[in-house]
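Novice:
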Ligand SMILES: Cc1cc2nc3c(=O)[nH]c(=O)nc-3n(C[C@H](O)[C@H](O)[C@H](O)COP(=O)(O)O)c2cc1C
């Protein structure tokens, strides 16, 4: 399935694995890229040393291209980490927060593409004006930190605003090939998938996370500031319910993040060996597509399924009466 995205990234399928902090480590990223998609490390929960180790671990598994998503708001570390991702061989830097012009320049000087996460049309326009090479339009359905505009209205409006200059990738609530087909019909050049890729054997996760995804219905998530101080879509539980009743106890970002970690309600970057994780309190970010997930599927197989299902959906649609 060729699109502007596959051409730009030099990949086979227009399916990007989201760079999710705490989840998108080397096993998941390598599996997505090796299957012809485009995996991205979620480096927001990694130290700079760990980022380098993770990049090297991806390259030890596959020679296919991959990216790195950095959410960090710390300018010093941002430039060091961008330098590291370029040096170590990532081909795309995904800016999870804002459009750092210095970092964009550095990437372009050294042949690395820059993508920007956007929840509004004006963010996408600003990203393209700052030099970004592709824009990821993320709707409110998405897991993790998210905005207010839904994917269905957001994507075509971002497409109208910037697709004349750069490819637009759709994100938020996309869990199968029908979502990919819909994104293409809306004018996107591919999809950026988060939650569906957490329910894979390769994703890193704290105890209870994958089970929670399998049992949660489409209305089982909530946008809450209870874990980081910023609006984050996560699985509803006792911790989010409590803070819904007591919003006055929520501190701004990043103090609330520190408070949640300190209270044992958030185990950033933890794996299955972590102890004392209570699913009734733990932060398990997930999008509204979660209700469609009822089994773990290897990440590479998911990439193939996305494309096959999208092709079937598009063929079925065009031949419908
Ligand atoms: C556990 C989790 C962690 C995330 N961390 C990041 C992050 O560090 N940087 C970022 O740009 N987006 C992050 N996101 C958002 C994803 O990149 C992506 O846009 C979102 O998951 C897409 O929606 P979906 O989950 O419905 O597929 C995260 C999402 C989840 C579920």
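Residue numbers (our numbering): 189 to 509.
Quick reminder that beta carbons are idealized off the backbone N, C-alpha and C, glycines included.
Computed from a predicted structure; not experimentally measured.
Kindly indicate the opening and closing residues of the beta strand (DSSP E) around residue 362.
Specialist: Careful: residue 362 lies outside any beta strand (DSSP E) and carries neither H nor E.
Novice: For the alpha helix (DSSP H) that residue 450 lies in, which residues bound it at each end?
Specialist: Here the alpha helix (DSSP H) through residue 450 covers 443 to 450.
Novice: What is the C-beta distance between residue 315 and residue 358, in whole angstroms, given that I count them as a contact (C-beta under 8 Å)?
Specialist: Cβ atoms of residue 315 and residue 358 stay farther apart than 8 Å, at about 15 Å.
Novice: Spell out the partners DSSP gives residue 421 in its beta bridges.
Specialist: 332 and 411
Novice: Less than 8 Å between the CB atoms is what I'm expecting for residue 421 and residue 474, so what's the real figure, rounded?
Specialist: For residue 421 against residue 474, the beta-carbon gap comes to about 7 Å, under 8 Å, which counts as contact.
Novice: How long is the line joining the alpha carbons of residue 388 and residue 210, rounded to whole angstroms?
Specialist: The alpha-carbon of residue 388 is positioned some 14 Å away from that of residue 210.
Novice: From the DSSP output, in three-state form, read off residue 490 for me.
Specialist: helix
Novice: Can you tell me which of the three DSSP states residue 401 falls into?
Specialist: helix
Novice: Can you tell me whether residue 336 is buried or exposed? The criterion is at least 16 other CB atoms within 10 Å of its CB, across all chains shown.
Specialist: exposed
Novice: Can you give, in chain order, each stretch of the beta strand (DSSP E) that sits fully within the region 195 to 222 and has at least 3 residues?
Specialist: 203 to 205
Novice: Taking 7 Å as the line, does the beta carbon of residue 346 fall inside it for any heavy atom of ligand 1?
Specialist: no
Novice: In its own chain, which residues sit with a C-beta less than 6 Å from the C-beta of residue 441, not counting the 5 before and 5 after it?
Specialist: For residue 441, where only same-chain residues beyond five positions count, the Cβ hits under 6 Å are 416, 417 and 418.
Novice: Do you know offhand how far residue 409's Cα is from residue 331's?
Specialist: 9 Å
Novice: Could you tell me which residues DSSP puts in a beta bridge with residue 471?
Specialist: BP columns for residue 471 are empty, so no partner.
Novice: Just curious, the beta strand (DSSP E) that residue 243 is in, first and last residue?
Specialist: Counting along the chain, residue 243 sits inside no beta strand (DSSP E); it lies in the alpha helix (DSSP H) bounded by residues 236 to 249.
Novice: State the start and end residues of the unbroken alpha helix (DSSP H) segment that holds residue 290.
Specialist: 289 to 297
Novice: Helix or strand or just coil, what does DSSP make of residue 438?
Specialist: Assigned with DSSP and collapsed to three states, residue 438 falls in coil, not helix or strand.
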